[in-house]
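**Q** Take a look at this one; I'll ask things after.
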Amino acid sequence: MTALSLARGRRPSLPMIVTVSVIAWLIAWFAETPLADWLSYEVLGLERGSHLGGAVDFFLADVPKVLLLLLGIVTVVTLIRSYFPPERVRAALVGRGTLAGSAASAAFGIVTPFCSCSAVPLFIGFVEAGIPLGVTFAFLISSPMVNEVALVLLWGLFGPEIALVYVAAGLTVAITGGLAIGALHLERYVEPYVWELQGRGGQMTEVRLTWSDRITDAWRYTVDLVHRITPYLLIGIGIGALIHGYAPTELVAAIGGRSNPFAVPLVVLIAIPLYSNAAGTIPIVQALLGKGMPLGTTLAFMMAITAISLPEFIILRRVIKPQLIAIFATVVTIGILCIGYLFNAIIP
Amino acid sequence: MKKIEVLGPGCANCRRLEANARQAVAMAAVDAEIVKVEDYRSIIAYGVMSTPALVIDGKVMSAGRIPSPGDIAEWLFA
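Quick mapping for you: the protein sequence lines, in order, are chains R and B.
Going left to right, the first sequence walks through residues 8 to 355 as the numbering used here numbers them.
Going left to right, the second sequence walks through residues 18 to 95 as the numbering used here numbers them.
Rendered as structure tokens:
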């Protein structure tokens, strides 16, 4: 054991690291906007209200803001998530009806950790426990759509109202999607081996975690995530800054505005190849909203980016037949289109 | 001889867990065999829904997270 203790080295205590990090985060948070202004207009000497000044200020203010939000919020969300492993969620969903089950399942989708590579074991685990197909799909829709990166970016760049509207719209699509898939009775499109497993697994294994495990896991996960998405984020904010400074409002209005009745399906189509890349696209979307793209179109675009994920559809092929993947994609797309048109109609 | 199983379909996280397990075996200097389990049926048979998961001598030690080589080395001693 001594060699092992030596290898791990002496470290400052966990509460101390946490306290210092929180203080550093708060200082950076309050200093960053004035700092970006000062850098753009005093140090670089750009003119206030000019195209270049606006673009540079947008970039310098948004990059640290989003990075700070990601570091702070993703750590906290990951910590909370460690209390909702899918094994526990599954236990909570067993025996519920389709409506209550879909609602609970969509809500759990927000807090449960999800990556497309664990979609398959999760699907098998749910079905094996006798959870209805519709309830399982409510989870598969909500989990990637209402994800922490999208939430952080929406909250930070658009404000809390739009972030909450996004969550509510996402839950609505997930619940109605789950109910629709449940009502269609598509059990025949699930690969037969999944049904053969039903009732065999039974007990789920749950591993106890300490506080220190949870905090270090959350921090490691966050650093890894931020590291992975920063290049996309920089490109996204860069393009957003150019749109913010230079794109003529009339052009955005002509393509994405109310005068174009096909704006909602058009943005959904554009979003398909951008799958799950919320980090790179939300800053662009923010600039477009600023240039007059209506809220419904904006929401539809973001939901399509997070929820219509080709890699996830491909990996689900291991457990469901292509017909069910097609129905799943169609249901999600219809849901997103409805949200887009609905918000465009009710919000002037 | 310890048997370490890395459960997961082979995504980036699974590969990282496998690398950590190899490092742990070197750190702890124990005799251990590392096996990758990619078949979903076998994964679910361990009662695991979140991958990657780590199994040592048939016991699930972690699921849905990537423990550090130090943590894994301690489990190997236990």
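Cβ atoms here follow ideal geometry from the backbone N, Cα and C, with glycine treated the same way.
Here the structure is a predicted model, which is why all the values come from computation and not from measurement.
Check the Cβ of residue 204 of chain R against every Cβ in chain B and list those closer than 8 angstroms, keeping chain order.
**A** As a first step, residue 204 of chain R is located in the first sequence; it is residue number 197 there, counting from the start. Per Cβ cutoff of 8 angstroms: 58 and 61.
**Q** Who are the neighbours of residue 131 of chain R on chain B, taking C-beta pairs under 7 angstroms?
**A** Mapped onto the first sequence, residue 131 of chain R falls at position 124. Under the 7 angstroms cutoff, chain B gives 57 and 61.
**Q** Which complete alpha helix (DSSP H) runs does the stretch 245-330 of chain R hold, if anything under 4 residues is left out?
**A** Whole alpha helix (DSSP H) segments, 4+ residues: 256-263, 270-278, 285-297, 302-314 and 317-323.
**Q** Residues of the stretch 74-89 of chain B with a CB closer than 7 angstroms to any CB of chain R: list them in chain order, please.
**A** Here the close residues are 77, 78, 79, 80, 81, 82 and 87.
**Q** Beta-carbon separation of residue 65 of chain B and residue 128 of chain R under 8 angstroms?
**A** Within the second sequence, residue 65 of chain B is the residue found at index 48, counting from 1. Within the first sequence, residue 128 of chain R is the residue found at index 121, counting from 1. It is a contact, given that the beta carbons lie within the stated cut-off.
**Q** Are the stretch 86-103 of chain R and the stretch 288-305 of chain R touching by the rule of at least three beta carbon pairs closer than 8 angstroms?
**A** Touching, no, given that fewer than three Cβ pairs across the two stretches are closer than 8 angstroms.
**Q** May I have the straight-line CA-CA distance separating residue 25 of chain R from residue 235 of chain R, to the nearest angstrom?
**A** The sequence position of residue 25 of chain R within the first sequence is 18, counting from 1. The sequence position of residue 235 of chain R within the first sequence is 228, counting from 1. Those two C-alpha atoms are separated by around 23 angstroms.
**Q** Using only the alpha-carbon positions, how far apart do residue 53 of chain B and residue 43 of chain B sit?
**A** The residue labelled residue 53 of chain B in the question sits at position 36 within the second sequence. The residue labelled residue 43 of chain B in the question sits at position 26 within the second sequence. Taking the straight line joining both Cα atoms gives about 18 angstroms.
**Q** How long is the line joining the alpha carbons of residue 337 of chain R and residue 325 of chain R, rounded to whole angstroms?
**A** Working through the first sequence from its first residue, we reach residue 337 of chain R at position 330. Working through the first sequence from its first residue, we reach residue 325 of chain R at position 318. Going from the Cα of residue 337 of chain R to the Cα of residue 325 of chain R covers about 19 angstroms.
**Q** How far does the beta strand (DSSP E) with residue 70 of chain B in it reach, from first residue to last?
**A** The residue labelled residue 70 of chain B in the question sits at position 53 within the second sequence. Note, residue 70 of chain B: beta strand (DSSP E), 70-73.
**Q** Figure out for me which residue from R/233, R/303 and R/163 has the closest Cα to the Cα of residue 264 of chain R.
**A** The residue given as residue 264 of chain R occupies position 257 in the first sequence. If we check each option's Cα against that of residue 264 of chain R, R/303 comes out closest.
**Q** Confirm, please, whether the CB-CB distance from residue 81 of chain R to residue 343 of chain R is below 8 angstroms.
**A** Position 336 of the first sequence, counting from 1, holds the residue named residue 343 of chain R. Position 74 of the first sequence, counting from 1, holds the residue named residue 81 of chain R. Result no, Cβ atoms of residue 343 of chain R and residue 81 of chain R do not sit closer than 8 angstroms.
**Q** Check whether the stretch 30-41 of chain R and the stretch 129-149 of chain R touch, using three or more Cβ-Cβ pairs below 8 angstroms as the test.
**A** No, the stretch 30-41 of chain R does not touch the stretch 129-149 of chain R.
**Q** In the DSSP assignment, find the unbroken beta strand (DSSP E) run with residue 51 of chain B in it and report its ends.
**A** Looking up residue 51 of chain B in the second sequence gives position 34. First-last of the beta strand (DSSP E) with residue 51 of chain B: 49-54.
**Q** DSSP on residue 117 of chain R, reduced to helix/strand/coil?
**A** Working through the first sequence from its first residue, we reach residue 117 of chain R at position 110. Reduced to three states, the DSSP call for residue 117 of chain R is helix.
**Q** Would the beta-carbon of residue 310 of chain R fall within 8 angstroms of that of residue 292 of chain R?
**A** Within the first sequence, the letter at position 303 stands for residue 310 of chain R. Within the first sequence, the letter at position 285 stands for residue 292 of chain R. Not in contact: residue 310 of chain R and residue 292 of chain R (Cβ atoms no closer than 8 angstroms).
**Q** Run through chain B and tell me which residues come within less than 7 angstroms of residue 44 of chain R, C-beta to C-beta.
**A** The residue you call residue 44 of chain R lines up with position 37 of the first sequence. Going along chain B, no residue has its Cβ under 7 angstroms from residue 44 of chain R, so there is no contact; the nearest lies around 39 angstroms.
**Q** Thinking C-beta only, is residue 109 of chain R closer than 8 angstroms to residue 137 of chain R?
**A** In the first sequence, counting from the first residue as 1, residue 137 of chain R sits at position 130. In the first sequence, counting from the first residue as 1, residue 109 of chain R sits at position 102. No, the Cβ-Cβ distance between residue 137 of chain R and residue 109 of chain R is not below 8 angstroms.
**Q** Hey, does residue 198 of chain R have any beta-carbon neighbour from chain B nearer than 8 angstroms?
**A** Position 191 of the first sequence, counting from 1, holds the residue named residue 198 of chain R. For residue 198 of chain R, the answer is no, since every Cβ of chain B falls outside 8 angstroms of its Cβ.
**Q** State yes or no: is the C-beta of residue 340 of chain R within less than 8 angstroms of the C-beta of residue 275 of chain R?
**A** In the first sequence, the residue the question calls residue 340 of chain R occupies position 333. In the first sequence, the residue the question calls residue 275 of chain R occupies position 268. For residue 340 of chain R and residue 275 of chain R, yes; Cβs fall inside 8 angstroms.
**Q** Considering only C-alpha positions, which residue in the set B/63, B/84 and B/18 is nearest to residue 223 of chain R?
**A** For the purposes of this step, residue 223 of chain R is identified with residue 216 of the first sequence, where counting begins at 1. The shortest Cα separation from residue 223 of chain R among B/63, B/84 and B/18 belongs to B/84.
**Q** For a test of the three-state rule: what should DSSP assign to residue 140 of chain R, helix, strand or coil?
**A** Within the first sequence, the letter at position 133 stands for residue 140 of chain R. Of the three classes helix, strand and coil, the one that applies to residue 140 of chain R here is helix, per DSSP.
**Q** Check for me: the alpha helix (DSSP H) holding residue 23 of chain R runs from which residue to which?
**A** Here residue 23 of chain R refers to the residue found at position 16 when the first sequence is read from its first residue. Element bounds for residue 23 of chain R: 21-44.
**Q** Going along chain B in order, which residues have a C-beta closer than 8 angstroms to the C-beta of residue 97 of chain R?
**A** For the purposes of this step, residue 97 of chain R is taken as residue 90 along the first sequence, with counting starting at 1. Neighbours of residue 97 of chain R on chain B, chain order: 66.
**Q** Per DSSP, what kind of secondary structure is residue 80 of chain B in: helix, strand or coil?
**A** Stepping through the second sequence from its first residue, residue 80 of chain B is reached at position 63. If DSSP states are grouped into helix, strand and coil, residue 80 of chain B belongs with the strands.
**Q** For residue 125 of chain R, would you say it is in contact with chain B, using Cβ-to-Cβ distances shorter than 8 angstroms as the test?
**A** Residue 125 of chain R sits at position 118 when you count from the first residue of the first sequence. With 8 angstroms as the cut-off, residue 125 of chain R counts as an interface residue toward chain B.
**Q** May I have the straight-line CA-CA distance separating residue 238 of chain R from residue 36 of chain B, to the nearest angstrom?
**A** In the first sequence, counting from the first residue as 1, residue 238 of chain R sits at position 231. In the second sequence, counting from the first residue as 1, residue 36 of chain B sits at position 19. C-alpha separation (whole angstroms): 25 angstroms.
**Q** Residue 194 of chain R touches chain B at which residues, Cβ-Cβ below 7 angstroms?
**A** On the first sequence, position 187 is the one that residue 194 of chain R refers to. Simply none; closest approach about 18 angstroms.
**Q** Apply the 10 Å Cβ neighbour rule to residue 50 of chain R and answer buried if 16 or more other Cβ atoms are within range, or exposed otherwise.
**A** Along the first sequence, read from residue 1 onward, the residue named residue 50 of chain R stands at position 43. The residue is exposed, with fewer than 16 neighbouring Cβ atoms inside 10 Å.
**Q** For residue 53 of chain R versus residue 60 of chain R, is the C-beta distance shorter than 8 angstroms?
**A** Taking the first sequence and counting its residues from 1, one reaches residue 53 of chain R at position 46. Taking the first sequence and counting its residues from 1, one reaches residue 60 of chain R at position 53. For residue 53 of chain R and residue 60 of chain R, yes; Cβs fall inside 8 angstroms.
**Q** What residues of chain B sit near residue 319 of chain R, judged by a beta carbon separation below 9 angstroms?
**A** One-based indexing of the first sequence puts residue 319 of chain R at position 312. Those do not exist, as residue 319 of chain R stays about 12 angstroms from chain B at its closest Cβ, beyond 9 angstroms.
**Q** Return the CA-CA distance between residue 262 of chain R and residue 58 of chain B, expressed in angstroms with no decimal places.
**A** Counting from one through the first sequence, the residue named residue 262 of chain R turns up at place 255. Counting from one through the second sequence, the residue named residue 58 of chain B turns up at place 41. Rounded to the nearest angstrom, the two C-alpha atoms are 48 angstroms apart.
**Q** Can you tell me the Cβ-Cβ gap for residue 313 of chain R and residue 286 of chain R, rounded? I've got them flagged as a contact below 8 angstroms.
**A** Sequence index remark: in the first sequence, residue 313 of chain R carries index 306 (1-based). Sequence index remark: in the first sequence, residue 286 of chain R carries index 279 (1-based). The Cβ separation is near 11 angstroms, so there is no contact.
**Q** Could you round the C-beta distance between residue 64 of chain R and residue 164 of chain R to whole angstroms and report it? I think they count as a contact, below 8 angstroms.
**A** To locate residue 64 of chain R, count along the first sequence from 1; it is residue 57. To locate residue 164 of chain R, count along the first sequence from 1; it is residue 157. Residue 64 of chain R to residue 164 of chain R, Cβ: 14 angstroms. No contact.
**Q** What number of angstroms, rounded off, separates the C-alpha of residue 147 of chain R from the C-alpha of residue 253 of chain R?
**A** What you label residue 147 of chain R is simply residue 140 of the first sequence in a count that begins at 1. What you label residue 253 of chain R is simply residue 246 of the first sequence in a count that begins at 1. Computed Cα separation, rounded: 39 angstroms.
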